[in-house]
Amino acid sequence: MIIVMQRHAPKEYIERVLSEIKRYEGLNPVPLYGTERTVIAVIGDERILDERHIASLPGVSKVMPVLHPYKLASKETKHERTVVKCDGVTIGGQTVVVMAGPCSVENEEQMDAAAKGVKEAGATILRGGAFKPRTTPYSFQGLGRKGVLMLEKAAKKHGLVSISEVMDVRDVEYIGNHIDIIQIGARNMQNFDLLKEAGKNKKPVMLKRGMSATIKEFLLAAEYILAQGNQNVILCERGIRTFEDETRNTLCIATVPIVKELSHLPIIVDPSHGTGKPSLIPPMARAAIAAGADGLMIEVHPNPGVALSDADQALTLQDFQNLMEEIRPIVAAMGRII
Ligand code: PEP
Ligand code: MN
């Protein structure tokens, strides 16, 4: 159920509704503050709620059922699109945001060269994995907290926002203290404790689609983060596992318009993990933007030949610069800026 408050309803009316709902054991009201209107989503078994009483409270405009199982992520609950703001960079607004950098943080020189190169090409967010989810325990596992600090240093030096993946609930606070955007990877999309911990942290969270997740499951995973009161959630389509083996994954561009129909959350596309092939990354980046994506995540390495993870899909700095030039006319055609 969602409770839609009247436009510009005063704070005390909102507080009154919140406290009335809290009186019911097992119900948790989550307010979503819009620029004009506040809506309150009720989490829990709402059948116990006296709907008519809530509807009669001062400042309440209407009480509505939510048809989708995800409430807070749904466009039914919040019509205004969510724009995540992060140190002067906005995700989900008019600007198409580009996150770029190596798969893994390897050393300071690599991060410095990557940061300098992606910044010059026009990226605003620097990526780099410090905690790496690797298929085999024998491959490079990432530098851990040391890697987080290297990413932080390179991003700060070059005036970039930073993003890095967290795999363990015990590292969420640490990442949140050093990195601007917390990434939850495909393999952890349904790690519910991790989602909740990231939701408690107030840093923006980018959630990648699980490789066998439906869009409903994807949005329900986002719901876990939102239900903790963190409204700054960014979704990322990174391809799913199908019978096709010509590409690393099958990159589902349709996710972009589907998510835009169902949700107010920004959605970006990762054609690097989505295809696994450098030659396919620029065309899929163009397709993603043409489909309405709010941004891209691209793996770029100053020297892909020596990369410790995902070397085969890394773009060189020159390739990345070319990609940025290629997407500019598509961005303009979509009435957006970069
Ligand atoms: C990554 O972006 O570093 C990553 C591991 O991607 P995914 O979770 O999509 O596999
Ligand atoms: Mn990778």
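Its first residue numbered 0, the sequence shown is counted upward by one per residue in numbering that gives the first Met the number 0. For each residue, glycine too, the CB sits at the ideal point set by N, CA and C.
Are the beta-carbon atoms belonging to R129 and G146 less than 9 Å from one another? Looking up residue 129 in the sequence shown gives position 130. Looking up residue 146 in the sequence shown gives position 147. Per the sequence presented here, residue 129 reads as Ala, with Arg not at that position. Yes, Cβ-Cβ distance for A129 and G146 is below 9 Å.
heavy atom of the ligand PEP below 8 Å from C251 C-beta: As a position in the sequence shown, residue 251 is number 252, starting the count at 1. Answer for C251: no, Cβ out of range of the ligand PEP.
Determine whether the beta carbon atoms of H177 and L206 lie at a separation below 9 Å. To locate residue 177, count along the sequence shown from 1; it is residue 178. To locate residue 206, count along the sequence shown from 1; it is residue 207. No.
What is the C-beta distance between N229 and R237, in whole angstroms, given that I count them as a contact (C-beta under 8 Å)? As a first step, residue 229 is located in the sequence shown; it is residue number 230 there, counting from the start. As a first step, residue 237 is located in the sequence shown; it is residue number 238 there, counting from the start. That pair is no contact at about 21 Å.
Three-state secondary structure (DSSP) of T401: Absent from the model: residue 401. The displayed extent of the chain is 0 to 337, so no value can be given.
Outcome for A292 when other beta-carbon atoms lying within 10 angstroms are tallied against a minimum of 16: Translated into the one-based positions of the sequence shown, residue 292 becomes position 293. A292 counts as buried, since at least 16 other C-beta atoms from the protein chains shown sit within 10 angstroms of its C-beta.
Is it buried or exposed for H263, if we count other Cβ within 10 angstroms and need 16 for buried? The sequence position of residue 263 within the sequence shown is 264, counting from 1. Per the 10 Å Cβ criterion, buried.
When the Cα of L148 is compared with those of P277, Q140, I162, E325, which residue comes out closest? On the sequence shown, position 149 is the one that residue 148 refers to. Distance check between L148 and each of P277, Q140, I162, E325 places I162 closest, using alpha-carbon atoms only.
Is any heavy atom of the ligand MN found at a distance shorter than 8 Å from the C-beta of G128? For the purposes of this step, residue 128 is taken as residue 129 along the sequence shown, with counting starting at 1. At least one heavy atom of the ligand MN is nearer than 8 Å to the Cβ of G128, so yes.
With C-beta atoms as the reference, is I47 less than 9 Å away from P28? Counting from one through the sequence shown, the residue named residue 47 turns up at place 48. Counting from one through the sequence shown, the residue named residue 28 turns up at place 29. Contact flag unset, no.
Round the Cβ separation of A114 and L225 to the nearest angstrom and send it over; I've been treating them as touching at under 8 Å. For the purposes of this step, residue 114 is identified with residue 115 of the sequence shown, where counting begins at 1. For the purposes of this step, residue 225 is identified with residue 226 of the sequence shown, where counting begins at 1. Rounded, the Cβ-Cβ distance is 31 Å, inconsistent with contact.
Have a look at D295 and I90 and give me their C-alpha separation to the nearest angstrom. To locate residue 295, count along the sequence shown from 1; it is residue 296. To locate residue 90, count along the sequence shown from 1; it is residue 91. Here residue 295 turns out to be Leu, not Asp, going by the sequence shown. Using only the alpha carbons, I get a separation of about 10 Å.
Between I326 and T274, what straight-line distance do the alpha-carbon atoms span, to the nearest angstrom? Taking the sequence shown and counting its residues from 1, the one referred to as residue 326 is at position 327. Taking the sequence shown and counting its residues from 1, the one referred to as residue 274 is at position 275. Cα-Cα distance, rounded: 17 Å.
Span of the beta strand (DSSP E), counted from its first residue to its last, around M4: Start at 1 with the first residue of the sequence shown, and residue 4 comes out as number 5. 1 to 4 is the span of the beta strand (DSSP E), which, as asked, contains M4.
At a cut-off of 8 Å, is H300 close to the ligand PEP when judged by its beta-carbon and the heavy atoms of the ligand? Mapped onto the sequence shown, residue 300 falls at position 301. No, since every heavy atom of the ligand PEP falls outside the 8 Å radius drawn around the Cβ of H300.
Closest residue to C251 among E260, Y223, P281, M210 (Cα-Cα distance): To locate residue 251, count along the sequence shown from 1; it is residue 252. When only C-alpha atoms are compared, the closest one is M210.
Counting pairs of Cβ atoms below 8 Å between the region 298 to 310 and the region 104 to 113, do you hit three or more? yes
Cross-strand partners of G175 (DSSP beta bridge): Locating residue 175 in the sequence shown gives position 176, where the first residue counts as 1. The partner list for G175 (beta bridge, DSSP) is empty, contrary to what the question assumes.
Just tell me which of I214, I233, P270 has its CA closest to the CA of K202. One-based indexing of the sequence shown puts residue 202 at position 203. Answer by Cα proximity: I233.
How far does the beta strand (DSSP E) with L234 in it reach, from first residue to last? Mapped onto the sequence shown, residue 234 falls at position 235. Membership of L234 in the beta strand (DSSP E) is indicated by the continuous run 232 to 236.
Local Cβ density within 10 Å of Q109, reported as buried at 16 or more and exposed below that: Position 110 of the sequence shown holds residue 109. Counting Cβ neighbours within 10 Å, Q109 comes out buried, since at least 16 surround it.
May I have the straight-line CA-CA distance separating V3 from M63, to the nearest angstrom? The residue you call residue 3 lines up with position 4 of the sequence shown. The residue you call residue 63 lines up with position 64 of the sequence shown. Cα-Cα distance, rounded: 8 Å.
So I183 is in the beta strand (DSSP E); what residue range does that whole segment cover? One-based indexing of the sequence shown puts residue 183 at position 184. It spans 180 to 183 - the beta strand (DSSP E) in which I183 sits, taken as one unbroken run.
Which partner residues does S103 have in the DSSP bridge list? Within the sequence shown, the letter at position 104 stands for residue 103. Note: S103 sits in a beta bridge opposite G128.
Pairwise C-alpha distance: V330 and T76: The count along the sequence shown starts at 1 and reaches residue 76 at position 77. The count along the sequence shown starts at 1 and reaches residue 330 at position 331. Spanning the two alpha carbons is a distance of roughly 29 Å.
Between D111 and A153, how many whole angstroms is the CB-CB distance? I'm expecting something under 8 Å. Mapped onto the sequence shown, residue 111 falls at position 112. Mapped onto the sequence shown, residue 153 falls at position 154. D111 to A153, Cβ: 5 Å. Contact.
Would you check whether the ligand MN has a heavy atom nearer than 8 Å to the C-beta of C102? Walking along the sequence shown from the start, residue 102 turns up at place 103. Yes, the beta carbon of C102 sits closer than 8 Å to at least one heavy atom of the ligand MN.
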